[in-house]
Every structure is written in structure tokens, then in C-alpha cells.
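Note that UniProt numbering numbers the sequence shown so that position 96 is 96, with each residue one more than the last.
Ideal placement from N, C-alpha and C gives every residue a C-beta, glycine not left out.
These notes concern the structure reproduced below.
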Amino acid sequence: MRAPRCLLLLSVLLYAALAAGAARADATPLTEADDEPPPRPQPLVFLHIPKTGGTSLALTLQRFLGELNCTRDALGDDDPQPGNETCVWAHAFPGKDHDERLFLARAAVGAAGRNVKLDYLMGHLHFGSCILLNATLPKRAPCVYTTVLRDPLARIVSHYRWLMRAAPHVLLRRCPECTTIDAFAAAINNGTMITRLYLENTQTRVLSGDGFWASITNNRLRDVALHADSEMLERAKANLASAAVPFFGLTEDMPAYVRRLRAFLGLPPAAGAEAAARMVVANAAPDALSAEALSPRTRELLLESQAQDVHLYEFAKRLLAARGGAA
């Protein structure tokens with residue numbers, strides 16, 4: 001009987017010692033090593049494909065980041081940005097530093113030697129730009145991508161209408177006859193320089209990471225050297241289906257995409273009118289040129305010029321359906 005009593009006594013004494021130690025630990029002030037900052041969010045690059053509703057979504061994303069009290073960093077500025085270090089975001093469009101090589105070089109080092117700790121990046125970028133965020137903040141979750149795809153015929157028609165609204169656009173100086181959608185469609189397919197610009201299979205080009213589409217900087221064009229082919233399409237499809245793109249959306253169902261975006265950012269879900277109010281609409285054309293109003297020949301030419309994008313878009317719809325619309 002003595003052994004159990006001794007064990008009981010030892011247990012009581014051990015418990016008392018542990019309790020006293022815990023009390024002393026609670027009374028000890030935290031050191032700098034104990035006071036670690038909260039973990040940063042998983043870095044995200046929003047690939048803004050022209051005329052997919054990306055401007056509206058970029059503004060919506062900015063509003064969401066504002067709700068997260070996320071600090072904006074104007075890349076290339078000499079002065080460090082004030083604000084918290086919880087998260088930092090940047091928008092790569094529009095701006096004078098839109099040349100991607102210059103942008104990556106500046107952001108990787110930072111102006112005046114400071115580090116640019118980017119968590120979120122949006123703009124006319126291509127698959128592969130995550131190397132920037134991974135380099136600036138190592139030892140955390142890998143950077144991922146998100147984007148929105150659009151029916152290729154509707155997208156290229158919308159792009160043409162944007163060119164007309166932006167006239168005199170530099171492209172029209174290369175194709176002065178492109179004042180009608182019919183001439184525009186023919187010009188894309190006739191083997192001239194216009195086929196090597198950002199009008200041909202843009203969505204495939206962006207998601208493949210190959211020969212990223214040329215942007216306009218101070219009215220200058222940088223030509224895309226690679227034409228989209230079946231191999232580029234396969235790379236785009238593989239990237240879209242990979243873990244590097246945890247969610248994406250379709251222009252034709254923006255509310256669903258906004259819900260996925262909110263969930264990724266960790267924002268509470270919004271319902272009904274509030275959700276609609278959170279979607280900022282910008283850069284929308286005032287008048288519509290319906291794809292259904294195109295002549296059969298023009299429609300055929302436009303679809304031919306976007307052949308890889310047509311396959312990519314159909315693949316994206318099947319992928320969304322296979323994921324139960326939760327991509």
C-alpha cells in the first residue's frame with residue numbers, strides 16, 4: 001500500500017511544480033523572439049487578360065485588399081511606402097514601367113536598395129511572373145495564379161471595339177483599312193505583321209508563359225515572336241489545370257469568380273445586393289457589337305485567328321464543370 005501512496009505524493013508535488021513554473025512563465029515578459037509577426041498570406045498573381053473584364057476585377061481586388069488593410073506599393077518609387085507589413089500589393093498596369101523586364105528587375109531589388117515584399121500582384125502579366133513574388137519573400141507558401149477567361153469570339157470583337165475607341169491607335173497606323181470589323185478580321189489572317197501582335201490567341205499566350213503578349217508603352221509596340229500553336233495550347237491547358245492556378249473564372253459568370261476570390265483572400269462571404277455592390281465595373285464599352293451580327297465570313301476568320309483560344313476556353317469550361325464549379 002505504501003508504493004501507491006508514494007506515487008500519489010510524487011504526482012501532487014510534480015503538478016505543483018509545473019503549476020508554479022507556468023505561473024512564472026506567464027509573468028515573464030515576451031522577448032522579441034517570442035513576438036513573431038503573423039504569417040503573410042499566400043502570394044497571388046492576377047493575370048489580367050485584355051477584354052475579359054479584368055479592369056473591373058482589378059478594381060474589385062483592390063477594394064478587397066483595402067478591406068484587408070493591405071498596403072499598396074508603387075513599384076519603382078524611391079520612397080518606401082507607409083503602412084503595415086501584413087500584406088503588400090502592386091498593380092503593374094497602367095504605368096511607365098510596364099516593360100516586363102524592367103518591372104521585374106526593379107521589383108526584385110526595389111528602388112533605393114529596399115526590398116519589395118509583394119504578396120499580391122495584378123496586371124497584364126503572363127504565367128511565370130510568380131518568380132517575382134517567390135524571390136522577394138522566400139520560405140513561405142509558393143505563389144499561385146488566378147485569371148478570368150472569356151469566349152474568344154466575344155473577346156476579340158470587344159478588343160476591336162476598344163481599338164476603335166482608342167483611335168488613333170498605333171495598330172491602325174499599321175492597318176489603316178481596319179476601320180471595319182470585316183477588314184480587321186481579314187488583316188489578322190492575311191499573314192501581315194498584325195498576326196504577330198497581341199491579337200492572336202492572347203489567352204493561350206498568357207497562360208502558356210511563352211512569348212508573352214506585347215503591351216503598349218508610350219504608343220510603342222513590342223512584337224510577339226512566337227505564334228500560338230498546338231504545343232503552346234497544351235502548355236496553357238496544363239498550367240490552367242495545375243495546382244499553380246487554384247481557382248479561375250469565366251467572364252460570363254463573374255459573380256461566381258468574385259466569390260472564389262473573396263474565399264481565397266479570407267474575406268467573409270457577401271450575399272445578394274452587397275455582393276453586386278462589391279463588383280466594380282469599369283472599361284466597359286458603351287455600345288455593343290454583337291458577335292451574332294457578324295457576317296459568316298468575318299466570323300469564320302475571327303474564329304480561325306483564335307483557334308487555340310477556342311480550344312482553351314472549351315477546356316476551361318470542362319475543367320470548371322469537373323470541379324463542380326468550385327475552381
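Query: So, for V45: in the same chain, excluding its five sequence neighbours on each side, which residues have a beta-carbon less than 7 Å away from its beta-carbon?; Result: L121, L125, S129, C130, L133, C143 and Y145
Query: For L207, which of V148, T251 and F264 has the nearest alpha-carbon?; Result: V148
Query: Secondary structure at F46, three-state DSSP: helix, strand or coil?; Result: strand
Query: Between P41 and the rest of its own chain, which residues show a CB-CB distance below 6 Å, the 5 nearest in sequence each way excluded?; Result: C87 and D119
Query: Comparing C-alpha positions only, which one of L153, K139 and L199 sits nearest to I163?; Result: With the sequence shown as reference, residue 163 is identified as Leu, and Ile is not the correct amino acid for it. Nearest C-alpha to L163: L199.
Query: Secondary structure at T60, three-state DSSP: helix, strand or coil?; Result: helix
Query: For V88, which of helix, strand or coil comes out of DSSP?; Result: strand
Query: For G123, name the three-state secondary structure that DSSP assigns.; Result: strand
Query: Following the continuous alpha helix (DSSP H) through V144, name the residue where it begins and the one where it ends.; Result: Here V144 belongs to no alpha helix (DSSP H); instead the beta strand (DSSP E) covers V144 to L149.
Query: By how many angstroms is the C-alpha of F184 removed from the C-alpha of L312?; Result: 23 Å
Query: Does the region 258-271 touch the region 151-162, meaning 3 or more C-beta pairs lie closer than 8 Å?; Result: no
Query: Return the chain-ordered list of same chain residues with a C-beta closer than 7 Å to the C-beta of G123, the five sequence neighbours on each side being excluded.; Result: H48, H91, A92 and F93
Query: Based on DSSP bridge pairs, tell me the residues matched to L250.; Result: L149
Query: Tell me whether the beta-carbon of T298 lies closer than 7 Å to the beta-carbon of I181.; Result: yes
Query: Going by the DSSP bridge assignment, what does T71 pair with across the sheet?; Result: V88
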